[in-house]
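Here the structure is laid out as structure tokens; the discussion comes afterwards.
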Amino acid sequence: MTTHTLRSKRRGSALRTAAFMSPWLIGFGVFFAYPMVSTVYFSFTKYDGFGAPSFNGLTNWTYVFTDYPMFWPSLLNTLWLVLVMVTCRVVFGLGTGLLITRIKTGTGLFRTFFYLPYLAPPVAATLAFVFLLNPGTGPVNSVLGDLGLPTPGWFNDASWSKPALTMLAVWGIGDLMVIFMAALLDVPTEQYEAAELDGASAWQRFRFVTLPNISPIVLFAVVTGVIQAMQYYTQPLVAGKVASGVIGGSGQQFEPGYPDKSTLTLPQLVYNLGFQRFDYGSACVVALVLFALAMAFTALLMRGRNNLIQAGD
Amino acid sequence: MTRLLDPPRPPAASSEAPSPALRTARRKAVLHWIAVHSLGVAAALFFVLPFVFVVLTSLMSDQQALTRDLTPNTWEWENYKRVFDTPGFLTWWRNTLLYAGVGTVLTVLSSVPVAYALAKFRFRGRRLSLMLVISMMMLPPQVVIIPMYLFWAKQMDLSGTLWPLIIPMAFGDAFSIFLLRQFLLTIPDEYLDAAKVDGCGELRTLIKVVLPMAKPGIAAIALFQFFAAWNDYFGPQIYASENPAAWTLSYGLESFKGAHHTDWNLTMAATVLVMAPVIAVFFFAQKAFVEGVTLTGVKG
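As given, the protein sequences belong to chains A and B, one line each in that order.
So in numbering that gives the first Met the number 0, the last one in the first sequence is 312, and the numbering has no gaps at all.
So in numbering that gives the first Met the number 0, the last one in the second sequence is 299, and the numbering has no gaps at all.
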């Protein structure tokens, strides 16, 4: 066999690969690479969408980090969401996963009930929760009041809005439940039998058999949870808009974060700066902060011995 | 662990009295069954009651919706008709079906060959491509929205429509590519080799051999993509907010609340109408969906 045929064969294979990959290659260039480069460029310019962007050095960067009043509150909110909301979701997700593997009667029905809220479209679910938790006539406060318990302001009270969002997030836990359920069913039964022969208590069996076996999935749930928390957009924005009573399709402007910046998250800042204040340069600064955070945690997912997302072979 | 937690068995048919040890074991099993299932019922109430209260409120009269009542005095089924009669509501439905339907078809068509290449071809840059796919999957849409908006609005003159959301789906969706690639990895290479021995090219192998085996994976990405479009709020907010004729259900629902300030009954009826199709689709495609969710979490 000559080198000629070998080489042509290899070229054919490269062409074939390129052909199969072409939709994504184009998409990657047009919808990722090009806008990323533009975003970096815009972040160093003054640009309001009219005329041409003009270079202004680090002005946008210093503005966002020192003068823009929404930046630090939104980062603190994100930290709160990571610490509380993600923890609650993982704990309750694992809890419902454990529960469903133990339920022996009506398993299918229970599983469907636990799973359904995950499917509720975010805007619809948020509207439902703003209604359920509305301080005036909402069913939750009605019941709490009848029982003589305190009735918080939920989405209308800056110290209760994030707990209310956490309840909404825990309600939609079906995805984690299914993932944990699959992981729990994969734990070898022999290990439980051995632990039981050794006289291990239920807690010890969980701690020393279940947890080590499912720890990669727990880590996966935590890291994806953190990424979701950083991207959290629709629920806090819609909750704030609806609870504040300021909603206009295109008319009235709503300053995100109601009540008192307590529901601000980074993606909302991109919207606020870019599409409400027409300060595209500063919006791109926030976008890049968001990008850096998202990529840092994505790298976590792809690294490590557990190789949570198998990127290689 | 299942062994331990067997449901209580009916008492043994034999007339002999069971040994005391067996009796305590059985009593423990019964108590365990009761504990687990009470906890299950409590959890089920937490997950289901919000739906119940939403539906109950959607059936109240306008006056009663302003009260603290939990159940309707009269069942106002016309509320749903009133929602449908709201100007724009049917347009939002049509737009959502267009966005979700066309978008899903385009996503599947464009993502299948890419996922196949990433799963089954050996080529330089494969690992890098896969890492870039994962990065794009994790990328919040807000990161690139400023240049993207300027591109669609200024250069393509497509703001006020849903096309800026639909057209990109013809160029592969990172999440769908990743999910399908994970699925295709589970198909043994021997099937592909056999097809090649029979003289099939890669394209024919993909269509004749791989696609029929990949149906569950394709069903999963189609469902996810359909739901993602149905649920999308940010996309329509950026591109369609200026033109109510291009709104989708998820975007319009919020303004519905604005237009019916205190009418929680109508807002909840509209909410039910936005949730119901998703839940109906789920019941028809439950298996594919749950498989897909598991696929995202389980390695390779």
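Even glycine gets a Cβ: it sits at the ideal position worked out from N, Cα and C.
For M35 (chain A), the nearest beta carbon of chain B is closer than 8 Å to its own beta carbon.
Beta bridge pairing from DSSP links K45 (chain A) with A:S53.
Look at G198 (chain B): its C-beta is not under 8 Å from any C-beta on chain A. Shown in chain order are the members of the region 84-109 of chain A whose Cβ falls below 7 Å from a Cβ of chain B: T95, L98, R101, I102, K103, T104, F109.
Cα atoms of L202 (chain B) and V225 (chain A): separation of roughly 39 Å, rounded to the nearest angstrom. D188 (chain B) carries a helical assignment under DSSP once its states are collapsed to helix, strand and coil.
Out of A:V129, A:E192, A:S200, A:L97, the CA that lies nearest to the CA of H260 (chain B) is found in A:V129. Annotation: R123 (chain B) is outside any alpha helix (DSSP H) and is labelled neither H nor E by DSSP. Closest in C-alpha terms to C283 (chain A), from the list B:R123, B:L149, B:G216, comes B:L149.
Within chain B, the C-beta atoms nearer than 7 Å to that of W170 (chain A) come from F46, P49, in chain order. The beta carbon of T264 (chain A) lies closer than 7 Å to those of S73, N76, T77, Y231, Y232, P235 in the same chain, with the five residues before and after it left out.
Here the alpha carbons of F120 (chain B) and T160 (chain B) stand approximately 38 Å from one another. Leaving aside the five residues that flank V107 (chain B) on each side, the residues in its chain whose CB is nearer than 8 Å to its CB run, in chain order, S175, I217, I220, A221, Q224. Residue contact with chain A for Q141 (chain B): present (Cβ-Cβ distance below 8 Å to some residue of chain A). Those residues of the region 146-167 of chain B placed with their C-beta closer than 8 Å to a C-beta in chain A are P146, M147, Y148, L149, F150, K153, P167, ordered along the chain. Annotation: P211 (chain B) has no Cβ neighbours in chain A at a cutoff of 8 Å; minimum Cβ distance is about 18 Å. Here the C-alpha atom of L167 (chain A) lies approximately 22 Å from the C-alpha atom of L108 (chain A).
Around the Cβ of A193 (chain B), a 10 Å sphere holds fewer than 16 other Cβ atoms; the residue is exposed. Put simply, the backbone Cα of E192 (chain A) is about 16 Å away from that of P211 (chain A).
Comparing alpha carbon positions, the residue from B:V101, B:I144, B:A28, B:P71 closest to P138 (chain A) is B:P71.
Judged by DSSP secondary structure, F46 (chain B) falls within the alpha helix (DSSP H) whose first and last residues are 19-57. Contacts between G171 (chain B) and chain A, judged by CB atoms closer than 7 Å, involve P22, W23, G26 in chain order. The beta-carbon distance between G280 (chain A) and T44 (chain A), rounded to whole angstroms, is 5 Å. This is short enough to meet the 8 Å contact definition.
Runs of the alpha helix (DSSP H) spanning 4 or more residues and lying entirely within the region 77-130 of chain A occur at 86-101, 106-118, in chain order. Contact holds between the region 155-172 of chain B and the region 229-238 of chain B, because three or more Cβ pairs, one in each stretch, are under 8 Å apart.
The beta carbons of G92 (chain A) and L183 (chain A) sit no closer together than 8 Å.
For the region 107-123 of chain B, residues whose beta-carbon sits nearer than 7 Å to a beta-carbon of chain A comprise S109, P112, V113, Y115, A116, F120, F122.
In the three-state reduction of the DSSP assignment, E290 (chain B) falls in the helix class, which pools H, G and I. Distance from the Cα of Y33 (chain A) is smallest, within the candidate group B:A228, B:V273, B:N230, B:P146, for B:P146.
The region 111-118 of chain B makes contact with the region 175-186 of chain B, as at least three CB pairs between them are under 8 Å.
If you draw a straight line from the Cα of W263 (chain B) to the Cα of C87 (chain A), it is about 30 Å long.
Under the criterion of beta carbons closer than 8 Å, W229 (chain B) and W91 (chain B) do not qualify as touching, at roughly 11 Å. One Cα belongs to P258 (chain A), the other to S160 (chain A), and the distance between them is close to 8 Å. In terms of CA proximity to V104 (chain B), B:G171 leads the group B:R180, B:E253, B:Q63, B:G171. Comparing alpha carbon positions, the residue from B:S249, B:S60, B:V280 closest to T125 (chain A) is B:S249.
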